[in-house]
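Peer 1:
Protein chains: 2
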Amino acid sequence: MPVKKYNQIYSRIKERIEDEEYGCQTMLPSENTLTEEFGCSRNTVRRALRQLAEEGYVQSMHGKGVQVIYQPYEQADFMFSGIESLKEAAERNQKEYETKVVCFAQLTVDEKIARRTSFAPGTQIYYVQRVRYMGGQALIMDHNYFRTDVVRDLTPGIAEQSVYEYMENVLHEDIVTTKRRMTVERVTQIDEKYLDLKDFNCLAVVSSFTYNGDGVMFEYTQSRHRPDCFVFYDHAQRIRK
Amino acid sequence: MPVKKYNQIYSRIKERIEDEEYGCQTMLPSENTLTEEFGCSRNTVRRALRQLAEEGYVQSMHGKGVQVIYQPYEQADFMFSGIESLKEAAERNQKEYETKVVCFAQLTVDEKIARRTSFAPGTQIYYVQRVRYMGGQALIMDHNYFRTDVVRDLTPGIAEQSVYEYMENVLHEDIVTTKRRMTVERVTQIDEKYLDLKDFNCLAVVSSFTYNGDGVMFEYTQSRHRPDCFVFYDHAQRIRK
DNA sequence: TCCGTCAACTTGTTTATACAACTTTTCTCA
DNA sequence: TGAGAAAAGTTGTATAAACAAGTTGACGGA
Chain A
7 MPVKKYNQIY
17 SRIKERIEDE
27 EYGCQTMLPS
37 ENTLTEEFGC
47 SRNTVRRALR
57 QLAEEGYVQS
67 MHGKGVQVIY
77 QPYEQADFMF
87 SGIESLKEAA
97 ERNQKEYETK
107 VVCFAQLTVD
117 EKIARRTSFA
127 PGTQIYYVQR
137 VRYMGGQALI
147 MDHNYFRTDV
157 VRDLTPGIAE
167 QSVYEYMENV
177 LHEDIVTTKR
187 RMTVERVTQI
197 DEKYLDLKDF
207 NCLAVVSSFT
217 YNGDGVMFEY
227 TQSRHRPDCF
237 VFYDHAQRIR
247 K
Chain B
7 MPVKKYNQIY
17 SRIKERIEDE
27 EYGCQTMLPS
37 ENTLTEEFGC
47 SRNTVRRALR
57 QLAEEGYVQS
67 MHGKGVQVIY
77 QPYEQADFMF
87 SGIESLKEAA
97 ERNQKEYETK
107 VVCFAQLTVD
117 EKIARRTSFA
127 PGTQIYYVQR
137 VRYMGGQALI
147 MDHNYFRTDV
157 VRDLTPGIAE
167 QSVYEYMENV
177 LHEDIVTTKR
187 RMTVERVTQI
197 DEKYLDLKDF
207 NCLAVVSSFT
217 YNGDGVMFEY
227 TQSRHRPDCF
237 VFYDHAQRIR
247 K
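If you read the protein sequences in the order shown, they are chains A and B. Residue numbers for the first sequence follow the numbering used here, so the first one is 7 and each next one is one higher. Residue numbers for the second sequence follow the numbering used here, so the first one is 7 and each next one is one higher.
1) Can you name the residues of chain B whose CB is closer than 9 Å to the CB of MET188/A?
2) State buried or exposed for THR161/A, treating a residue as buried only when at least 16 other CB atoms are found within 10 Å of its CB.
3) Report all residues from its chain with a CB closer than 7 Å to the CB of TYR28/A; omit the five preceding and five following residues, and keep chain order.
4) The alpha helix (DSSP H) spanning PHE206/A covers which residue range?
5) Put GLU102/B into one of helix, strand or coil per three-state DSSP.
6) Using a Cβ cut-off of 8 Å, which residues of the stretch 23 to 40 of chain A contact any Cβ in chain B, in chain order?
7) Step through the CB atoms of chain B and report whether any lies within less than 7 Å of the CB of GLN65/A.
8) Taking C-alpha atoms, which residue in GLN65/B, VAL115/B, LYS11/B and VAL193/B lies nearest to TYR226/B?
9) Using the Cα positions of SER214/A and ALA126/A, report the straight-line distance between them to the nearest angstrom.
10) For a test of the three-state rule: what should DSSP assign to TYR239/A, helix, strand or coil?
11) State the Cα-Cα distance for the pair LEU203/A and ARG153/A, rounded to the nearest angstrom.
12) Report the three-state DSSP secondary structure of GLY128/A (helix, strand or coil).
13) Please confirm if ASN175/B has its CB atom under 7 Å from at least one CB of chain A.
14) Compare the C-beta of PRO233/B against all C-beta atoms of chain A and say whether one is closer than 7 Å.
15) Terminal residues of the continuous alpha helix (DSSP H) containing THR123/A?
16) Do THR216/A and GLU166/A count as a contact pair if the criterion is CB distance below 7 Å?
17) Which term fits GLN65/A, buried or exposed, when burial requires 16 or more other beta carbons within 10 angstroms of its beta carbon?
18) Specify the secondary structure class of TYR28/B as computed by DSSP and reduced to three states.
19) For ARG158/B, name the three-state secondary structure that DSSP assigns.
20) For VAL184/B and GLN31/A, what's the separation of their Cα atoms in angstroms?
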């Protein structure tokens, strides 16, 4: 089974919604109808629908049907969704982008770093500071902490390209789960030194903890964005009692 | 079936993880083992595990097992998760809180409001401005737009309590899906007038579009938070190819 | 010793079925 | 006619089973 059936069905329905073949506010065909159309079991259809619901395309209503609630977003400069690297995001938005490594060090986690990163004291890590440019402006400041035993033989050159590509293609490490925390923080002297800040005195800060296929947290990253180039989208379904 | 089995199993396993009976970095018992223990089918166990994975408690690894990746958060002043009202959040964090309505109007959506809220021009709405206090400080400024045909007979008194409780308990309207957009924006004159801003010149802004059980978008809200009282948590699983 | 194969065990996908719970429509009977 | 019951259709929960696909460890042979 090279291609997953529920993924095909998900994509087909998604296209129809985006093309407004299934218009906003209308009902999808019933699960049984879709089951017949796609020649699969109801479970497989339901799995596809579940994914569409999680991504805010539809919402299902017990006893009534599944309703389309999708309306296209006004496109943003920048859009997160799932775990996506800046490079992927920039390519999708067709902007020229560049990364400059301004600090590259190998060090041992002390108490202070441990509190911030939740790495155990004594862990060997690479510490990388990177400035991200899009459209010629310095917009994002990244502070990365990578475990040296997972992200092996990291170099400034790799950090200037994509660390994730290096991990997946060269090291064959899987990136599985990320926990993120979004906050808004005051600018620091380092921010002022490297970023084109205009007169903002705050930044959008995304702190992320990333785990590999072995369940090891191998990365802590703090990504500091100039406010006007930061957007984060999210969907949520209220749990009914 | 009054209580849902997968929910029970989910809760039981979650407790064990939080009590560190299943320690961080260890493997859960296999799905077959859990199936036997809970006397249910494998699918039901898998549904519980899926929920735990979505909430960042575990991650499953094909062929290996399901690993615990939970570590307790340093508790934040404020924590979103799913669709939760400020009142629920405040109660959970045991803070005194208060809401003051500073503007309450009924009006018709014009072109300008339509662009911001994505309500159709001509729609009748309540427009409410509310200031939220926690621990004696004015921290949050809410701009709410409610459709009058869904949130019927809204009053300033209700808005000062909880609009969601009014909707669920009195109007029996279900709140199902919310789409949110998080950004960071400059403070406005209105923010300065009502909020205790310190010297921040930016705010964390959450814009949300909320749908009821009939799939009608009945609310647009812009919630403007002072940076130091805003945190947003999120989990994401990378889709493997 | 080292390497490959195989068996055992894990999670992932798919099908099929049954019944529960909720909504809408239809039908029946007063 | 009208109200209520029944039927039909919808999504939600749960079970069972089979096979695919990835990882681990043990066994055996060169």
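Don't be surprised by glycine CBs; every beta carbon is placed ideally from N, CA and C. Predicted model only: the values in this text are computed from it and were never measured.
Peer 2: So, from the data block:
1) MET188, ALA210, PHE236, VAL237, PHE238, TYR239 and ASP240
2) exposed
3) ARG22, LEU34 and VAL74
4) Looking at the DSSP string, PHE206/A is not in any alpha helix (DSSP H), and its letter there is neither H nor E.
5) coil
6) GLN31
7) yes
8) The shortest Cα separation from TYR226/B among GLN65/B, VAL115/B, LYS11/B and VAL193/B belongs to VAL115/B.
9) SER214/A and ALA126/A have their alpha carbons spaced roughly 16 Å apart.
10) strand
11) 31 Å
12) Coil.
13) no
14) yes
15) 117 to 123
16) no
17) By the neighbour-count rule (16 or more Cβ atoms within 10 Å), GLN65/A is buried.
18) coil
19) Coil.
20) The question names Val, yet the displayed sequence has Thr at residue 184/B. Taking the straight line joining both Cα atoms gives about 15 Å.
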